[in-house]
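The next block holds one structure in the form of structure tokens; read it before the comments.
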Ligand SMILES: Nc1ncnc2c1ncn2[C@@H]1O[C@H](COP(=O)(O)OP(=O)(O)OP(=O)(O)O)[C@@H](O)[C@H]1O
Ligand SMILES: [Mg+2]
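In full-length UniProt numbering, the protein residues as written are 1 to 382.
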């Protein structure tokens, strides 16, 4: 798995029981090594009142370091079978992957069975809480803020896909992994985490049923994990930001459609703007329409018809006229053989759409992004 080729890691002892990791061959890392005791005191012994969330990877606590820095402390659940050196190498990689639109990994703790990650703390929490969460956590975000969140998130994802070497496929783009800083600028969290669980594809695969709305059909059905699966999830996320509705929790219309299906239906009926959050009273219609169309380009059934994230950034930030005649129906994966938009089963529909997609001209086709080269990971079909 990964980069064990870098060899053993050493770290220098520093002041305050945290220090910088040092990796022979790739230079000194940005990551600090924390003792378990220092994280216990930062989080008041992992006190429940400091718990700010928890997901498939473990529990997250808010903490304050001795120098006053606020941090988010993520205790990984058992399941990381990596040895210490390999774990630290991955941590090194993640913490060296820095960008204004990525949550910064400050360091980690590896003591006994403990595997703990220490991140910068984002004070406005996740989009899942602020935009889609319960009333107590809801924060109204106006259109200018939402539009910046879409563009900046796209920039962060394009960085992971195209600028980091080796490229990183996030695998889990969703509202709870988009965190907002004090100015409501977004940062993508949890990138690179899947690598810490070498034998554990279950973290993602168990949620095939749970967060169906985010999963690209080819990923859910065939286990083909590519950058284009992230693009799909990003498209769903954009629709959530525009509509203020959670894709996994809300169903629309009499047929109980999921958000992408509903948006497509509205488009067919010539009332695309009806998908916009009713809380947003005044919106620049041209810009919002363009954003919705970009989301539809991202969620097309055939992966190769989806744009790259770099193209998405361009489409969102320039006032370009999108050729939406080239748009094909979105693909949707539903677990448990639930009725699928278009009438066929999800598997039939996805593959026939993919086939159709191959035949039609694709405005965003990029021959350098061939499907095969695009695959970074293949999982076994579930
Ligand atoms: N750096 C951070 N700053 C502030 N809050 C955070 C930070 N990281 C996580 N959180 C909070 O903790 C919650 C849980 O995060 P976590 O990543 O553990 O679970 P998740 O995103 O819901 O699921 P998954 O495990 O699939 O990523 C987030 O929704 C967010 O509210
Ligand atoms: Mg998360």
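Don't be surprised by glycine CBs; every beta carbon is placed ideally from N, CA and C. Just so you know, these numbers come straight off a predicted model, no measurement behind them.
Cβ of residue i within 8 Å of Cβ of residue j?
{"i": "residue 60", "j": "residue 42", "result": "no"}
{"i": "residue 40", "j": "residue 107", "result": "no"}
{"i": "residue 139", "j": "residue 147", "result": "no"}
{"i": "residue 244", "j": "residue 277", "result": "yes"}
{"i": "residue 186", "j": "residue 240", "result": "no"}
{"i": "residue 253", "j": "residue 300", "result": "no"}
{"i": "residue 387", "j": "residue 116", "result": "With the chain covering 1 to 382 only, the question about residue 387 has no answer from this structure."}
{"i": "residue 127", "j": "residue 178", "result": "yes"}
{"i": "residue 184", "j": "residue 141", "result": "yes"}
{"i": "residue 171", "j": "residue 225", "result": "yes"}
{"i": "residue 72", "j": "residue 313", "result": "no"}
{"i": "residue 109", "j": "residue 35", "result": "yes"}
{"i": "residue 258", "j": "residue 251", "result": "yes"}
{"i": "residue 463", "j": "residue 190", "result": "In the structure displayed, the chain extends from 1 to 382; residue 463 sits before or after that span and is not available."}
{"i": "residue 324", "j": "residue 293", "result": "yes"}
{"i": "residue 220", "j": "residue 333", "result": "yes"}
{"i": "residue 316", "j": "residue 291", "result": "yes"}
{"i": "residue 137", "j": "residue 125", "result": "yes"}
{"i": "residue 132", "j": "residue 49", "result": "no"}
{"i": "residue 309", "j": "residue 161", "result": "yes"}
{"i": "residue 169", "j": "residue 227", "result": "yes"}
{"i": "residue 283", "j": "residue 143", "result": "yes"}
Which stretch, first to last residue, makes up the beta strand (DSSP E) that contains residue i?
{"i": "residue 120", "result": "114-120"}
{"i": "residue 72", "result": "70-76"}
{"i": "residue 187", "result": "186-188"}
{"i": "residue 178", "result": "178-180"}
{"i": "residue 157", "result": "Per DSSP, residue 157 belongs to no beta strand (DSSP E); it is in the alpha helix (DSSP H), 143-158."}
{"i": "residue 225", "result": "224-226"}
On the DSSP letters alone, give me the boundaries of the alpha helix (DSSP H) that residue i sits inside.
{"i": "residue 59", "result": "Careful: residue 59 lies outside any alpha helix (DSSP H), inside the beta strand (DSSP E) at 58-64."}
{"i": "residue 97", "result": "Segment: none, residue 97 is in no alpha helix (DSSP H) and carries neither H nor E."}
{"i": "residue 305", "result": "Looking at the DSSP string, residue 305 is not in any alpha helix (DSSP H), and its letter there is neither H nor E."}
{"i": "residue 296", "result": "285-298"}
{"i": "residue 260", "result": "259-268"}
{"i": "residue 41", "result": "36-42"}
For residue i, name the three-state secondary structure that DSSP assigns.
{"i": "residue 198", "result": "Model confidence at residue 198 stands at a pLDDT of 49, short of 50, so the residue's coordinates are unreliable and nothing is read from them."}
{"i": "residue 207", "result": "Note that residue 207 scores 40 on pLDDT, short of 50, meaning its location in the model is unreliable; the coordinates nonetheless yield the value given after this. DSSP places residue 207 in helix when its eight states are reduced to three."}
{"i": "residue 111", "result": "strand"}
{"i": "residue 342", "result": "Interpretation of residue 342 is limited by its pLDDT of 35, a score under 50 that renders its predicted location unreliable; no figure is taken from the coordinates."}
{"i": "residue 330", "result": "strand"}
{"i": "residue 53", "result": "strand"}
{"i": "residue 234", "result": "helix"}
{"i": "residue 126", "result": "strand"}
{"i": "residue 357", "result": "Residue placement at residue 357 cannot be trusted, given a pLDDT of 34 that sits under 50; the coordinates are not used to answer."}
{"i": "residue 272", "result": "helix"}
{"i": "residue 250", "result": "coil"}
{"i": "residue 216", "result": "coil"}
{"i": "residue 29", "result": "strand"}
{"i": "residue 106", "result": "strand"}
{"i": "residue 87", "result": "helix"}
{"i": "residue 241", "result": "helix"}
{"i": "residue 317", "result": "helix"}
{"i": "residue 132", "result": "coil"}
{"i": "residue 365", "result": "Low confidence applies here, because residue 365 scores a pLDDT of 30, under 50, leaving its location unreliable; read the following figure in that light. Of the three classes helix, strand and coil, the one that applies to residue 365 here is coil, per DSSP."}
{"i": "residue 193", "result": "helix"}
{"i": "residue 279", "result": "coil"}
{"i": "residue 67", "result": "coil"}
{"i": "residue 166", "result": "coil"}
{"i": "residue 221", "result": "helix"}
{"i": "residue 161", "result": "helix"}
Assuming residue i and residue j make a contact with CB atoms under 8 Å, what is their CB distance in whole Å?
{"i": "residue 157", "j": "residue 230", "result": "6 Å"}
{"i": "residue 90", "j": "residue 192", "result": "7 Å"}
{"i": "residue 29", "j": "residue 92", "result": "4 Å"}
{"i": "residue 235", "j": "residue 295", "result": "4 Å"}
{"i": "residue 94", "j": "residue 105", "result": "5 Å"}
{"i": "residue 329", "j": "residue 264", "result": "6 Å"}
So does residue i have its beta carbon nearer than 7 Å to some heavy atom of ligand 3?
{"i": "residue 177", "result": "Ligands present in the displayed structure are limited to ligand 1 and ligand 2, and ligand 3 is not among them."}
Using 8 Å as the Cβ pair cut-off and three pairs as the minimum, do the stretch 266-283 and the stretch 214-222 touch? no
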